[in-house]
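Enquirer: Quick one: the structure is below, questions incoming.
Residue numbers (mature numbering (1 follows the signal peptide of the UniProt record, and there is no 0)): -23 to -1, 1 to 317.
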């Protein structure tokens, strides 16, 4: 028999807030206990806006090769049963003792489900979070699948269904849709279609098409890419696949990959020997294996890898292998770029 209970979850800040979950005659595995270690400094938000209430939350805890713990925090910001649900579906009787838990977060209100990964705050309508047990019975790492979609409680277990959520009388319906995964990093706003994080490599991938904008007094920086990759261990956000940046003054910059850091005001455009990174403004064209772009000053510095070249075509029409150029497109000394 399935019955709903009110479970009081101990949140990380010490507050206890009610959340509706499902229970069976055999009690499911307990919700992962909040880790005792304090959140890392990379967490961009510590206090939710006054218009939001943290109804339910959990953290995936990843221990890197450097021994440091890094956390992915998932929060349902709403409290109304009309706008969403939160539930943890624990281990079933016929599953191994160490079977992971499966949490469902859904919220159609303006705050959505908030996921914090490194410097990025991500909002989505639906998130399914698989979490394995960590050391000492605390919550460990796992998997996050997030997109548009809805979730609801069922009155009874659907006949013939054997998946975990159905056996817990929960239905989740992901509907990946462009521009519904909203990412904020500092002043930069990005939009994508679907987020998937997996502990196997510690990378959160946001599928595109990706569009983004960064406001400025002199005009916004806008752009597109095929996807975003957030490397949790390296604490690095990378735009991947046919990246195009359009900035004030008509500058258009292109690269296969761009390491993006809003806080440092930099974008590192990374090309290949066959397809170098490129930045064009007016009659100035600068190409190199690596371009370092100052987002605030709209300046580009070129760097070449070992054995690589820097080429440029400038307003006087002359082409140079290492010409200093003019204005804001400047080749730099040839030094090997850091390994991506």
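Note that beta-carbon positions come from the ideal geometry of N, C-alpha and C, so glycine has one too.
In this text, all values refer to a predicted model and were calculated from it rather than measured experimentally.
What residue range is occupied by the uninterrupted beta strand (DSSP E) comprising residue 321?
Expert: Within the shown structure, residues of the chain are numbered from -23 to 317, placing residue 321 beyond reach of any answer.
Enquirer: Could you tell me if the beta carbon of residue 178 falls within a distance shorter than 7 Å of some heavy atom in the ligand GDP?
Expert: The ligand GDP is not part of the structure shown, which contains no ligands of any sort.
Enquirer: For residue 296, which three-state DSSP category applies?
Expert: Only weak support exists for where residue 296 lies, its pLDDT of 47 falling under 50; the coordinates are left without a value.
Enquirer: Strictly by DSSP, which residues pair up with residue 256?
Expert: 230 and 263
Enquirer: Are the beta-carbon atoms of residue 61 and residue 84 separated by less than 8 Å?
Expert: yes
Enquirer: In angstroms with no decimal places, state the Cα-to-Cα distance between residue 63 and residue 147.
Expert: Taking the straight line joining both Cα atoms gives about 10 Å.
Enquirer: For residue 196 and residue 116, what's the separation of their Cα atoms in angstroms?
Expert: 44 Å
Enquirer: Is the beta carbon of residue 122 closer than 8 Å to that of residue 77?
Expert: no
Enquirer: DSSP on residue 40, reduced to helix/strand/coil?
Expert: strand
Enquirer: Would you kindly work out how many angstroms separate the C-alpha atoms of residue 72 and residue 113, rounded to a whole number?
Expert: 20 Å
Enquirer: State the CB to CB distance for the pair residue 234 and residue 215, rounded to an integer number of angstroms; the pair is presumed to be in contact (CB under 8 Å).
Expert: 6 Å
Enquirer: Please classify residue 223: does DSSP put it in a helix, a strand, or coil?
Expert: strand
Enquirer: What number of angstroms, rounded off, separates the C-alpha of residue 259 from the C-alpha of residue 99?
Expert: In this structure, the CA atom of residue 259 is about 36 Å from the CA atom of residue 99.
Enquirer: Would you grab the beta carbon distance between residue 222 and residue 200 for me? Rounded to a whole angstrom, and I think it's under 8 Å.
Expert: 4 Å
Enquirer: Could you work out which residue in 159, 271, 255 and 36 is closest to residue 265 when comparing CA atoms only?
Expert: 255
Enquirer: Taking the runs of the beta strand (DSSP E) that are 3 residues or longer, which of them lie wholly in the stretch 57 to 135?
Expert: Those beta strand (DSSP E) runs which fall completely within the stretch 57 to 135 and span 3+ residues are 63 to 66, 78 to 83, 90 to 94, 97 to 101, 103 to 110, 116 to 124 and 126 to 130.
Enquirer: Can you tell me which residues form a DSSP beta bridge with residue 175?
Expert: 120 and 180
Enquirer: What are the residues that DSSP puts in a beta bridge with residue 154?
Expert: DSSP lists no partner for residue 154.
Enquirer: So for residue 279, helix, strand or coil by DSSP?
Expert: strand
Enquirer: Pick from 109, 81 and 250: whose alpha carbon is nearest that of residue 66?
Expert: Closest option to residue 66, judged by alpha-carbon separation, among 109, 81 and 250: 81.
Enquirer: By a C-beta neighbour count over all protein chains shown, 10 Å radius and 16 as the cutoff for buried, is residue 97 buried or exposed?
Expert: buried
Enquirer: In whole angstroms, what is the alpha-carbon distance linking residue 277 and residue 245?
Expert: 10 Å
Enquirer: For the beta strand (DSSP E) that contains residue 208, what are its first and last residues?
Expert: Counting along the chain, the beta strand (DSSP E) containing residue 208 begins and ends at 198 to 208.
Enquirer: Is residue 188 helix, strand or coil when you go by DSSP?
Expert: strand
Enquirer: Which class does residue 168 belong to by DSSP, given the choice of helix, strand or coil?
Expert: In this structure, DSSP gives residue 168 an extended state, which the three-state scheme calls strand.
Enquirer: Below 7 Å CB to CB, which residues in the same chain sit around residue 16 once its five sequence neighbours on both sides are set aside?
Expert: A caution first: residue 16 carries a pLDDT of 40, below 50, which makes its placement in the model unreliable, though a value can still be read off. Closer than 7 Å at the Cβ level, and outside the excluded window around residue 16, lie 48.
Enquirer: With 16 as the cutoff for other CB atoms within 10 Å, does residue 118 come out buried or exposed?
Expert: buried
Enquirer: Between which two residues does the beta strand (DSSP E) holding residue 53 run?
Expert: 46 to 53
Enquirer: Measure from the alpha carbon of residue 242 to the alpha carbon of each residue in 120, 178 and 275, then state which is nearest.
Expert: 275
Enquirer: When you compare each of 106, 130 and 263 to residue 35 by their alpha carbons, which one comes out closest?
Expert: The candidate whose alpha carbon is nearest that of residue 35 is 106.
Enquirer: Which of helix, strand or coil does DSSP assign to residue 249?
Expert: coil
Enquirer: Out of 145, 127 and 37, point me to the one whose CA is closest to residue 69's CA.
Expert: Closest in alpha carbon position to residue 69, among 145, 127 and 37, is 145.
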